[in-house]
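Mapping the sequence shown onto the numbering used here, position 125 (from 1) lands on 286, and the numbers just tick up by one.
Don't be surprised by glycine CBs; every beta carbon is placed ideally from N, CA and C.
Keep in mind the model is a prediction, meaning the values are calculated, not measured.
So the structure is just underneath, and the comments pick up after that.
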Amino acid sequence: MRSLRIGILLFAAILAAASCEKDDICVEGDTPLLVIEFYNISDTTTLKNVPTIRVAGVGKIVTVNTVADRTALSTISIPLKSDEDTTSFIMISGSASAEDGSETGNIDTINFSYQRIEDFLSRGCGFVINYDSLQASLKVDTDNWIKDIEIIKSQITNSDSTHVKIYH
Numbered sequence: 162m163r164s165l166r167i168g169i170l171l172f173a174a175i176l177a178a179a180s181c182e183k184d185d186i187c188v189e190g191d192t193p194l195l196v197i198e199f200y201n202i203s204d205t206t207t208l209k210n211v212p213t214i215r216v217a218g219v220g221k222i223v224t225v226n227t228v229a230d231r232t233a234l235s236t237i238s239i240p241l242k243s244d245e246d247t248t249s250f251i252m253i254s255g256s257a258s259a260e261d262g263s264e265t266g267n268i269d270t271i272n273f274s275y276q277r278i279e280d281f282l283s284r285g286c287g288f289v290i291n292y293d294s295l296q297a298s299l300k301v302d303t304d305n306w307i308k309d310i311e312i313i314k315s316q317i318t319n320s321d322s323t324h325v326k327i328y329h
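Here's what the structure looks like:
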C-alpha cells in the first residue's frame, strides 16, 4: 500500500512538472512610435525647436503622453493607431491658454496614413504592429506654421531613427 502511495505521489509530481511552461517575459520590444524631427524651413539641415509644442490626437481631450506638453522640442515620438489605417494629430506651436481656457497657439492638423503589419514576436510578447507605406498630409489653413512635411522612412519597425521631417 505504501509503495502505491509513493508511486501515485511520484506520478503526480512528474505530471505537475511536465505541465509547467517556461515563463515568458517580454523584453523584445513594443509597437514602434513615429519619430518626427522639426527643421528650419530657411536652413533645411538645421534642427529647430517648436516653441511650447502641444500634440493631441484629433478628437481627443488629452495630449499625447509621449510628448512633454508645452515644451520647446525639436524631436517628438508619437503613437500611431494600431487598429486603424490612419491617425490624425493636432500640433500646436506656441501653445498657451487664454483666460477663458481656450487655446491661443497656432494649430495645424496632420493626417498620417499607413498599412499595418502584424508581427509575432513570441508567446510572452505576442504581436506588435509595424507600419508600412507611411504618408502624411497637412490640413491647409490661412496660417499654417508647418511649411512642409517629408517622409524619410515609410516603413516603421523601430523608434530608433527619424521617420518624418517637418519644416517650419
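Work out the CA separation of residue j and residue i for me, nearest whole Å.
i, j, result
"Ile313", "Ala257", "31 Å"
"Thr247", "Glu198", "20 Å"
"Gly287", "Asp261", "46 Å"
"Asn226", "Ser238", "10 Å"
"Ile202", "Glu264", "25 Å"
"Ile307", "Val223", "22 Å"
"Tyr200", "Gly285", "39 Å"
Out of the options, which has the shortest C-alpha to C-alpha gap to residue i?
i, options, result
"Tyr328", "Arg231, Asp230, Ser235", "Ser235"
"Gln296", "Ala259, Leu282, Ser249, Asp280", "Ser249"
"Gly255", "Asp246, Asp244, Gly262, Ile268", "Ile268"
"Phe281", "Val289, Gln316, Ser274", "Val289"
"Asp204", "His324, Val228, Asp309", "Asp309"
"Asp191", "Lys326, Val325, Ile317, His324", "Ile317"
"Glu245", "Thr265, Glu279, Thr224", "Glu279"
"Val228", "Ile202, Ser294, Arg277, Ile253", "Ile253"
"Glu311", "Leu195, Thr270, Lys326, Arg284", "Lys326"
"Gly220", "Ile307, Gln276, Ser283, Thr270", "Thr270"
Considering residue i, what are the terminal residues of the beta strand (DSSP E) in which it resides?
i, result
"Lys209", "Lys209 -> no beta strand (DSSP E), and no H or E assigned at all."
"Ser274", "267 to 283"
"Gly287", "287 to 299"
"Ile197", "195 to 200"
"Lys326", "325 to 328"
Are residue i and residue j touching if we call contact CB-CB under 9 Å?
i, j, result
"Asn160", "Leu299", "With the chain covering only 162 through 329, there is no way to say anything about residue 160."
"Val301", "Ile251", "no"
"Pro193", "Asn319", "yes"
"Thr213", "Arg231", "yes"
"Ser243", "Ser274", "no"
Determine whether the Cβ of residue i lies closer than 9 Å to any Cβ atom of chain D.
i, result
"Thr270", "Annotation note: the requested chain D is absent from the structure, which comprises a single protein chain."
Would you please state the rounded distance, in angstroms, between the beta carbons of residue i and residue j? I believe it to be under 8 Å.
i, j, result
"Val196", "Ser322", "7 Å"
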